[in-house]
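Q: If you count the sequence shown from 1, you need to add 2 to reach my numbering.
Encoded as structure tokens, here's the structure I'll be asking about.
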Amino acid sequence: MKKYLSIFLILGLLFSILTLNLLAQKAPDKLVFEAKTGKVTFDHAKHVAREKNNCKTCHDTLFPQKKAPLNFAAGMHKPAEAAKKSCGACHVAGGKAFPSAGNCAKCHVKG
Ligand code: HEC
Ligand code: HEC
Ligand code: HEC
3 MKKYLSIFLI
13 LGLLFSILTL
23 NLLAQKAPDK
33 LVFEAKTGKV
43 TFDHAKHVAR
53 EKNNCKTCHD
63 TLFPQKKAPL
73 NFAAGMHKPA
83 EAAKKSCGAC
93 HVAGGKAFPS
103 AGNCAKCHVK
113 G
């Protein structure tokens with residue numbers, strides 16, 4: 003009985019170290035996406051603050067934390083907006099943020 007108890011304790015300890023490690027994965031401050039139309043700087047910190055630190059708004063439903071692919075570039079962003087996916091989940095007419103149409107330069111900066 004005592005033997006089993008210590009095995010449970012050790013397993014429990016290992017499990018909590020693992021979860022803490024996952025939670026501590028450092029969120030980036032800014033991410034830059036290269037594009038022919040001008041590079042896009044995604045201010046991760048600002049976006050997180052606006053979502054009141056709720057990582058789940060975006061991870062993993064919208065973004066799998068792999069930097070690429072975002073699945074946003076196609077068709078001048080219209081397919082993503084229509085499907086409410088990727089950046090288009092919020093950046094869409096009537097959404098939380100400005101849509102792509104007419105706002106190319108808010109995201110794409112030539113330089
Ligand atoms: C507004 C949406 C949004 C929110 C909210 C958000 N993220 Fe992200 N995050 C992104 C995007 C976009 C990327 C880049 C695409 C990807 O990696 O999937 C990203 C990437 C990441 C990456 C990988 C960085 C890299 O270079 O590949 C980590 C780690 C991360 N986020 C952690 C967090 C944590 C922790 C939180 C909560 C505190 C959070 N994110 C909240 C949108 C968001
Ligand atoms: C969870 C909703 C959400 C998602 C997903 C999201 N944004 Fe935003 N974004 C916002 C909001 C809200 C604002 C500020 C409101 C406004 O200016 O219309 C904003 C503002 C911005 C700005 C202006 C600078 C700033 O941060 O204030 C840029 C550039 C931007 N977003 C790019 C992106 C890109 C690129 C993606 C996809 C990788 C993305 N956003 C995904 C909600 C989102
Ligand atoms: C909300 C921010 C945002 C807005 C607004 C926006 N874009 Fe983008 N765009 C991006 C991001 C982020 C990428 C890179 C996607 C990736 O890496 O998968 C991109 C990629 C692209 C690409 C692909 C370029 C390449 O090198 O493959 C084109 C073309 C494009 N955008 C055109 C436009 C046009 C035209 C507008 C205005 C009508 C616009 N974008 C508005 C964020 C935006």
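Yeah, the Cβ is synthetic: ideal placement off N, Cα and C, and Gly gets one too.
Are there 16 or more other CB atoms within 10 angstroms of the CB of Val94, so buried, or fewer, so exposed?
A: Looking at its Cβ environment, which holds 16 or more other Cβ atoms inside 10 Å, Val94 is buried.
Q: Under 7 Å: does the beta carbon of Ser102 sit that close to some heavy atom of ligand 2?
A: Answer for Ser102: no, Cβ out of range of ligand 2.
Q: Helix, strand or coil for Thr63 per DSSP?
A: Thr63: coil per DSSP, three-state reduction.
Q: With a 10 Å radius around its C-beta and 16 neighbouring C-beta atoms as the bar for buried, classify Glu83 as buried or exposed.
A: buried
Q: Quick check on the DSSP output: the alpha helix (DSSP H) that includes Val50 runs from which residue to which?
A: For Val50, the uninterrupted alpha helix (DSSP H) segment begins and ends at His46 to Arg52.
Q: Output needed for Ala99: all residues of its chain with C-beta closer than 8 Å, excluding positions within five of it in sequence on either side, in chain order.
A: Cys92 and His93
Q: Applying the criterion that 16 or more other CB atoms from any shown protein chain within 10 Å of the CB defines a buried residue, is His79 buried or exposed?
A: It is buried - the Cβ of His79 has at least 16 other Cβ atoms within 10 Å.
Q: Using a Cβ-based criterion (distance less than 7 Å to any ligand heavy atom), does Glu36 qualify as near ligand 1?
A: no
Q: What residue range is occupied by the uninterrupted beta strand (DSSP E) comprising Lys32?
A: Lys32 to Phe35
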